[in-house]
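**Q** The following block contains the structure, expressed as structure tokens.
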Amino acid sequence: MDYQDNELVIDTKAHIELSESIAVPYTKAVATRLFSAEGEVYWRPNWVATLLLGDGYQVGDLFANADGTLYQVEQYDEALGRIVYTRMESGISVGTVTVCISEQEEKTELSQETSLVQLTYRLTAISDAGTVRLQGMSSATFAAELATWQEDIVAREDVIHEWLNGNGRYT
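1 is the number of the first residue of the sequence shown in UniProt numbering; add one for each residue after it.
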């Protein structure tokens, strides 16, 4: 075996870490389900998830969204209110998405129960196109996107309740 041509190439690309919180009118356990592959079907516009391995709720399960981005479940715990996904967008970036949910003490007009959902994206570009994409992301655009997610969840409350009561398309 010849190892003379081996080398380590350092080609540092862009890296981002964005974190933002939104309030949702659900308990911690239910809010956790909303951020699963299946849960997002009921509130996120144009969300199409293809389960490639498992049901999306177990460590090691794998799914892809409509644009081919892959998500592998690293942790899923409704009692803790925590989900961790490894996220890979082919040719663009790889990293993690962490969802941490805590129940709020204060009640709101929206519901008896309210949870605070903190979403953190840690992504590293794997190409020049990925560097451009990540450099275009900012705390302000991330916060604006999550604000629309919060609005979508509230607007789809009836559909979400049907799903939670066993009447969803995939239950």
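Note that beta-carbon positions come from the ideal geometry of N, C-alpha and C, so glycine has one too.
Going by DSSP, which residues form a beta bridge with arginine 87?
**A** Along the sequence shown, one-based indexing puts residue 87 at 87. Tyr71 and Gly95, per the DSSP bridge assignment.
**Q** By alpha-carbon positions, which one of Ile126, Ala155, Ile160 and Arg122 ends up nearest to isoleucine 10?
**A** Taking the first residue of the sequence shown as 1, we reach residue 10 at position 10. Comparing Cα positions, the closest option is Ile126.
**Q** Please give me, in chain order, every unbroken run of the beta strand (DSSP E) with length at least 3 that falls completely inside the region 2 to 50.
**A** Qualifying beta strand (DSSP E) stretches, in chain order: 15 to 24.
**Q** Alanine 147 to serine 139, Cα distance in whole Å?
**A** Stepping through the sequence shown from its first residue, residue 147 is reached at position 147. Stepping through the sequence shown from its first residue, residue 139 is reached at position 139. Computed Cα separation, rounded: 12 Å.
**Q** Just verifying my parser: in three-state terms, what is the DSSP assignment at glutamine 135?
**A** To locate residue 135, count along the sequence shown from 1; it is residue 135. Note: glutamine 135 maps to helix in three-state DSSP.
**Q** Below 8 Å, can you find three or more Cβ-Cβ pairs linking the region 62 to 75 to the region 147 to 159?
**A** No, they do not touch.
**Q** Please classify glutamate 7 as buried or exposed, where buried requires at least 16 other C-beta atoms within 10 Å of its C-beta.
**A** Here residue 7 corresponds to residue number 7 of the sequence shown, with the count starting at 1. Classification of glutamate 7: exposed, given that the 10 Å Cβ count is below 16.
**Q** Leaving aside the five residues before and after aspartate 55 along the sequence, list all residues of the same chain whose C-beta is less than 7 Å from its C-beta, in chain order.
**A** Taking the sequence shown and counting its residues from 1, one reaches residue 55 at position 55. Once the five neighbours on either side are set aside, the close Cβ partners of aspartate 55 are Asp61.
**Q** Pull up the DSSP beta-bridge partners for glutamate 103, would you.
**A** Residue mapping note: residue 103 aligns to position 103 of the sequence shown, counting from 1. In the DSSP output, where bridge partners are listed per residue, glutamate 103 has Ser115.
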